[in-house]
Structure formats: C-alpha cells, structure tokens
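In full-length UniProt numbering, the protein residues as written are 1 to 414.
Beta carbons are placed, not taken as given, at the ideal position from N, Cα and C, and that holds for glycine.
A quick note: this is a predicted structure, and the numbers were derived from the prediction, not measured.
What follows is the structure, given as structure tokens:
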C-alpha cells in the first residue's frame, strides 16, 4: 500500500500569554530560516505537554519529535488522555496550523471535522455551506450536485437546509458537518471527538459510514476518541500519545492494550496539594478478597465543603473498555444518608460472590453526594479476576464470551 501520510520529527510549541510572534525583523528572520530549511532562531527550550505539572517557562511543547507513517485505506485510531496532543496533531494534518519543527506530508485531499463550528460560515445556509466545502476541496459544482441529496439525507436536516447554520443546534451542526466531510470526495477523512455531541443512533451511523469509507472505498480515516469499543470496531491501526509524545503505534488491539495497561486517567491527589474541590485521595482493592471471589474496595476522600452525605460510585469495564456494571449508594442503600454530612472520611464497598467471568477489569470512580457528581477518575484501578466454579474442561472447544457470570441459572433437559 502507498504511504499517504508521513510525519517526520514533528514538534509544535505554543508561547503562553502572547498573541504576536515578535517584531517584523524577527518575523523576516524566521521566514528566511524557514526558506533555507533551518530551525526557528527564536525558539526557546520549553516543557512537556503535561497538565499535571506546573511550568516556569513561557513555551509549552504540545508535540515533541513525532514520527509515523499511514498507508492508504488504513483506519487509524488516535488515543490518549486529555492534553496528550491528539487534537494538535490533527490540526497539523489538516493544515490549520504549521509544525514548529519537522515536516508533515499528506498525499490527497483532506476533509476534516475537528470541532463544532469549524469549516462552516455561520451566515450561510446549510445548502451554501455544502457547496462552499466542496469548492474548498477543489470539487466542481456538478460533482457536488451528485452528492448533495446523499449528504442531506444522511444528516437528517432536510427541513433546515436553507436556514443559516448559526441557527442550528450543536447536534444539527455536527450531523451536517460530518455528512459533508464523509461524502465529499477526499482521500483522507479526519474526525476529532466532535461526534460525542450527537446522539447514540447518529454516532453508530457515523461509525458505519467511516467503516465504509475506509474498507469499501479505500480512503484513509483518522479518528480521535475516548470510546475504546468504537476505536476497536472501526480501526485497524492505532497511535497512542502521552504528554505530547508518541508512545506506541501499530495494530489497534496492541495499542489499546498498551493504553489501558498504563492506567490512563489515574490522578490521585498529593496530600501537600490544596484541595479546591471534592477529591478521592486514595483507593484500593483487597487482593485477598478477590481470590475468594469477592470485591472489597476502600476509599478515602476529602472536600473543601461538606457533602450531604458523601457518595462514591464505581463503573467496572472489561478489557475492551466496555461497561459491565455500575453501583453506588443511591442505587442500593436507602439508609446510607442517615450518617449526615462529612467533608472527609472513608467509604468501603463489598460485593460478595462477584458475578464476573475470568478476565482483566478496570474501575472508574466517581465522587459526589446524593444529588450531584463532583469528580471522576477514569480507569483509576485495575484487577484480574479468576471466576470460581466455572469449568468447561470437558468441552474444550467451548469459549465463554462476555463478562457476566450468571450463577442462579438452572438448565433441565425436558
């Protein structure tokens, strides 16, 4: 397969607190060095793109020394925590901004959907924006005419197609923007996390269309999402980024496994830090209880104000990042709130005879009170579980699928 995208030593720096790039003399000097292929002479040594650390310099490197190649027809999932540099990378690919150092080469026309509102003129109607986007891609009016009805039908905004898009809701905006990007004849389709704005049915529809674009039409798709099941369903290749650096590339299954194994999303608070909102300070899983088939968890929390009462909930995901079950005191303990309010303390959870099949699981935690949720910690704990009393040794070709182990089922031959 031909290489359609090649990134070589890509870095991107942003200077904090400044709008201009300097004097006219500096701009001319910078331009002359760029023409000769030399580095920007006014660059400062900056810091990694790590939001969990405070910096002292006025330069932040959103991307640092990124190298990869993408082949024609690949569907590439780009994953990583918030602030990893995923959106910045897509902006470089879309030529919205230029890299500070390095070169980015893309062969073919690029259609991108980066965020709600980009690519559309708010004063123009939906119809006019479709033709505008097609013209930007270099398409003739006759080519756009052939695609027009398909775009409108896919977006579901037929009734409002002659209304200025500034009057659209964010969901309508995304529906039309995705339909335009996916149906116009570009060789490369770039989609950021904007699909989260749409409803579940439309997200499924978009994933199906992106699959058709990649597998059926042989076009290249780059997709950024925190939804691992969607990434695994759509993509065959992956890029895992962390703090502006490329951690891993390759087969999507191995890249997602590496991301999940890293404990991405963990952020327990240092005791020396000032608490400005309710925080879970510490959480643990009792390994001895797991061996017995039970789940026992203990949490310590702290808050600058009283919680009435404090509520900690959990979400269990399987190794594919698919939700298995959730539990919190609002669901199961009617007398939980009788102890009143508290600003610090401990909460425990015990689930006996855990109804899971053997496998690896992650735990996301949520802190709030009986009404509000104040904080969340995604994939903050992981555990391996070995199900008890599950024996299929006599039927070796039988494989258990799913995650839930139903223990009160009784089969009879009638």
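- Counted as a single uninterrupted DSSP element, the beta strand (DSSP E) harbouring residue 282 occupies residues 279-285.
- When DSSP states are grouped into helix, strand and coil, residue 70 belongs to the strand group.
- Shortest Cα-Cα distance from residue 130 to any of 14, 79, 185 involves 185.
- The count of Cβ pairs closer than 8 Å, one atom from the segment 75-91 and one from the segment 135-155, stays below three, leaving the stretches out of contact.
- Per DSSP, residue 26 is not a residue of any beta strand (DSSP E); the alpha helix (DSSP H) it occupies stretches across 24-35.
- A contact between stretches requires three or more CB pairs, one per stretch, nearer than 8 Å, and the segment 167-185 meets this requirement with the segment 127-144.
- Taking every protein chain shown into account, the CB of residue 88 has 16 or more other CB atoms within 10 angstroms, so this residue is buried.
- With fewer than 16 other beta carbons inside 10 angstroms of its own, residue 410 counts as exposed.
- Residue pairing by DSSP puts residue 6 in a beta bridge opposite 69, 105.
- Per DSSP, residue 300 is one residue of the beta strand (DSSP E) stretching across 295-307.
- In the DSSP assignment, residue 126 falls within the alpha helix (DSSP H) that extends over 126-136.
- In the displayed model, residue 288 falls within a helix according to three-state DSSP.
- With 16 or more neighbouring CB atoms inside 10 Å of its own CB, residue 279 falls in the buried class.
- If you draw a straight line from the Cα of residue 351 to the Cα of residue 296, it comes to about 6 Å.
- By a beta-carbon distance limit of 8 Å, residue 86 contacts residue 224. Their separation comes to about 5 Å.
- Non-local beta-carbon contacts of residue 6 in its own chain, meaning distances under 7 Å to residues more than five positions away in sequence, involve 69, 105 in chain order.
- Distance from the CA atom of residue 32 to the CA atom of residue 12, rounded to whole angstroms, is 19 Å.
- Burial state of residue 208 is exposed, judged by a 10 Å Cβ sphere holding fewer than 16 other Cβ atoms.
- In this structure, residue 249 keeps its C-beta atom at 9 Å or more from the C-beta atom of residue 256.
- Per DSSP, the continuous alpha helix (DSSP H) segment holding residue 142 begins and ends at 141-155.
- The three-state reading of DSSP puts residue 215 in helix, counting H, G and I together.
- For the options 289, 108, 83, the alpha carbon positioned closest to that of residue 93 is the one of 108.
- CA-CA distance, residue 162 to residue 281, rounds to 53 Å.
- In terms of Cβ geometry, residue 240 and residue 246 form a close pair [threshold 9 Å].
- Per the Cβ contact rule, the segment 213-224 is not in contact with the segment 302-311 (fewer than 3 Cβ pairs under 8 Å).
- Residue 25 has its alpha-carbon roughly 50 Å from the corresponding atom of residue 253.
- In the DSSP assignment, residue 178 falls within the unbroken alpha helix (DSSP H) covering 170-183.
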